[in-house]
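Undergrad: Per the UniProt record's numbering, the sequence shown starts with residue 1, numbered consecutively.
Idealized CB from N, CA, C, for every residue including glycine.
These numbers come from a predicted model, not from an experiment.
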Amino acid sequence: MPVVVRSTYGSCCDPCCDPCCGPRCVVRTTTVCCRPAPVKVIKKTTVTVRKSRAKVTNFRFIVDKHIRKWKQNGLTIAGGNGCGDGSHQLWYPQGIYVDDDNQSVYVADTSNHRIIQWKYGAKTGEVAAGGNEMGEEMNQLSGPIDVVVDKKDNSLIICEHSNWRVVRWSRERQIIEQILMSSIACLGLAMDSNGDLYVTDHSSVRVRRWNDGETEDGTIIAGDYEPGYHANQLNAPCYIFIDQEHSLYVTDTFNNRVMKWMKDATEGIVVAGGQGGGTALSQLDSPRGVIVDEFDNVYVVDVFNYRTVRWSKGAREGSIVVGGNGFGNQPDQVGRAEDVSFDRQGNLYLVDSDNCRVLRFDVDYD
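(1) Does the Cβ of Y229 have 16 or more other Cβ atoms within 10 Å, making it buried, or fewer, making it exposed?
(2) Counting Cβ pairs closer than 8 angstroms, one from the region 342-354 and one from the region 81-95, do we hit at least three?
(3) Just how far apart, CA to CA, sit N232 and I221?
(4) Can you tell me the Cα-Cα spacing of Q333 and T308, whole angstroms?
(5) If we count the other Cβ atoms within 10 Å of its Cβ and call it buried at 16 or more, is Q89 buried or exposed?
(6) Hey, out of I175, Q330, S170 and R165, whose CA is closest to H202's CA?
(7) Which value, in whole angstroms, describes the spacing of the CA atoms of R60 and F241?
(8) With DSSP run on the structure shown, which of helix, strand or coil describes V309?
(9) Where does D100 land, buried or exposed, given buried means 16+ other C-beta within 10 angstroms?
(10) I'd like to check one pair, Q283 with G273: are the Cβ atoms closer than 9 angstroms?
(11) Would you verify that the beta carbon of E245 is, or is not, closer than 9 angstroms to some beta carbon of chain E?
(12) Alpha carbon to alpha carbon, how far is N305 from V322? Give it in angstroms, no decimals.
(13) Using only the alpha-carbon positions, how far apart do S170 and E214 sit?
(14) For W210 versus D196, is the C-beta spacing smaller than 9 angstroms?
(15) According to DSSP, simplified to helix, strand and coil, what is F254?
(16) Should the region 335-349 be regarded as contacting the region 310-317, the criterion being three or more beta carbon pairs within less than 8 angstroms?
(17) If you count every other CB in all the chains shown that lies within 10 Å of the CB of Y365, and 16 or more means buried, which is it?
(18) Alpha carbon to alpha carbon, what distance is there between Q275 and I176?
(19) Just to confirm my understanding: we take V39, look at its own chain, exclude 5 residues before and 5 after, and list those with CB closer than 6 angstroms. What are they?
(20) Please classify T110: does DSSP put it in a helix, a strand, or coil?
(21) Could you give the first and the last residue of the continuous beta strand (DSSP E) run that contains E216?
(22) Can you give the Cα-Cα distance for T76 and I145, rounded to whole angstroms?
(23) At what residues does the beta strand (DSSP E) containing S182 begin and finish?
(24) Would you report the Cα separation of P331 and D302, rounded to the nearest angstrom?
(25) May I ask you to verify whether the region 110-124 touches the region 72-86, counting CB pairs closer than 8 angstroms and requiring at least 3?
(26) State the Cα-Cα distance for the pair A129 and P287, rounded to the nearest angstrom.
(27) Does the Cβ-Cβ distance between R168 and D150 come in under 9 angstroms?
(28) Taking the alpha-carbon positions, what's the residue 387 to I179 distance?
(29) Alpha carbon to alpha carbon, how far is V199 from N163?
(30) For V205, name the three-state secondary structure that DSSP assigns.
(31) Which of the three DSSP states, helix, strand or coil, is assigned to D100?
(32) DSSP three-state label for residue 367, please.
(33) Using a threshold of 9 angstroms, state whether the C-beta atoms of V207 and L248 are closer than that.
(34) Which residues does DSSP pair with A185 in a beta bridge?
(35) Take R50 and list the residues in its own chain whose beta-carbon comes closer than 6 angstroms to its own, dropping the five residues that flank it on each side.
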């Protein structure tokens, strides 16, 4: 009997192929058009709550003005050994956090229900969180989508999509020590310089900001409850980025655009795409990961154009940074990319979900 997947947007939704409906599934499902799914209520668990002392900024990439291009063949630095649950494998990974201090990357290994730490040059990764099968217990994760490292608290902040919650995972105790937000269909995370957490909620089509002094609901800073294409609306918000001025950048996937919301703004402005879905350089097709440099250049994963593009401030079209060579598993191709980030040297990291790998594209100074 086919499995029905209920869309939170009231339209057909298949997590096996849709770019913004949650983790990948192993067996392809049959989908139907339906009303929005009810919010899943997670059972309450007593946890120890500690105040966050984080002074973490999502503004991790300070671009060298001399960097203009990247080598077009990526190096596999995590996974790439087929999809699976081995320590040398990933299974439909999604979010990434580059940790230069520890010379490693943290990857949301979604279908393995774990966060993997992969040191530079290593052939295998180490489980940093989860990895105890799918579940709701305090030592388990379910469909983690994104991750942020809180070094001040020695913890990981994890967007746990299938359990509809955002959690703090103690790296010392190897358990969830705090449920930060519940009943939220989280897809992306970011943290500003004050330690405030920003979370996309695709069920309510909004972006929320949360800190320890607020309730689990947090404060709505972008989007309306109804999906739409107006300046105050979003439609399938996914990954996000916060700059030093606390401006929010969000990939508005179903509107095929990236929106920028200034601090305390009631409307956003289009900074990439917004010309309908398509292959032209003025268009995006289901954008996902996003990061912004100090010159306000926006780098965005253009999923179904199989490329990562850069949009300069005020530009009417983007330029291809890497990819654009069609679907594939070669070093200059991706299957379906998810997230993007940079290290301090300006090397670009791309999560290639379909090929179960993370690629690094080094700066090309030639």
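TA: On the basis of the coordinates in this document:
(1) Around the Cβ of Y229, a 10 Å sphere holds fewer than 16 other Cβ atoms; the residue is exposed.
(2) With three or more CB-CB distances shorter than 8 angstroms, the region 342-354 counts as touching the region 81-95.
(3) Going from the Cα of N232 to the Cα of I221 covers about 10 angstroms.
(4) Going by the C-alpha atoms only, they are around 11 angstroms apart.
(5) By the neighbour-count criterion, in which 16 or more other beta carbons inside 10 Å mark a residue as buried, Q89 falls on the buried side.
(6) The residue among I175, Q330, S170 and R165 with its C-alpha nearest the C-alpha of H202 is R165.
(7) Note on R60: pLDDT 45, under 50, position unreliable in the model; the coordinate value appears next. Using only the alpha carbons, I get a separation of about 10 angstroms.
(8) In this structure, V309 counts as strand in the three-state DSSP scheme.
(9) That one is exposed.
(10) For G273 and Q283, yes; Cβs fall inside 9 angstroms.
(11) Absence of chain E from the displayed structure is noted, only one protein chain being present.
(12) Their Cα atoms are separated by approximately 11 angstroms.
(13) One C-alpha to the other measures close to 21 angstroms.
(14) The Cβ atoms of W210 and D196 lie closer than 9 angstroms to each other.
(15) F254: helix per DSSP, three-state reduction.
(16) Segments in contact, no.
(17) Classification for Y365: exposed.
(18) In a straight line, the C-alpha of I176 is about 42 angstroms away from that of Q275.
(19) Low confidence applies to V39: its pLDDT is 34, below 50, so where it sits in the model is not reliable enough to give any reading.
(20) The DSSP-derived three-state label of T110 is helix.
(21) Judged by DSSP secondary structure, E216 falls outside any beta strand (DSSP E); it is assigned neither H nor E.
(22) Looking at the backbone, the Cα of T76 and that of I145 are separated by about 20 angstroms.
(23) Where S182 is concerned, the enclosing beta strand (DSSP E) stretches over I175 to S182.
(24) Computed Cα separation, rounded: 17 angstroms.
(25) When C-beta atoms of the region 110-124 are compared with those of the region 72-86, three or more pairs fall below 8 angstroms, so the two segments count as touching.
(26) Approximately 27 angstroms between the Cα atoms of the pair.
(27) In this structure, D150 lies closer than 9 angstroms to R168 by Cβ.
(28) With the chain running from 1 to 366 in the structure shown, residue 387 is simply not present.
(29) Going from the Cα of V199 to the Cα of N163 covers about 15 angstroms.
(30) Reduced to three states, the DSSP call for V205 is coil.
(31) Of the three classes helix, strand and coil, the one that applies to D100 here is helix, per DSSP.
(32) A question about residue 367 goes unanswered here, because the residues of the chain that appear run from 1 up to 366.
(33) Result yes, Cβ atoms of V207 and L248 sit closer than 9 angstroms.
(34) Assignment of beta-bridge partners to A185 by DSSP yields no partner.
(35) Low confidence applies to R50: its pLDDT is 35, below 50, so where it sits in the model is not reliable, and the reading given next is rough at best. In its chain, beyond the 5 residues on either side, no residue has a beta carbon closer than 6 angstroms to the beta carbon of R50.
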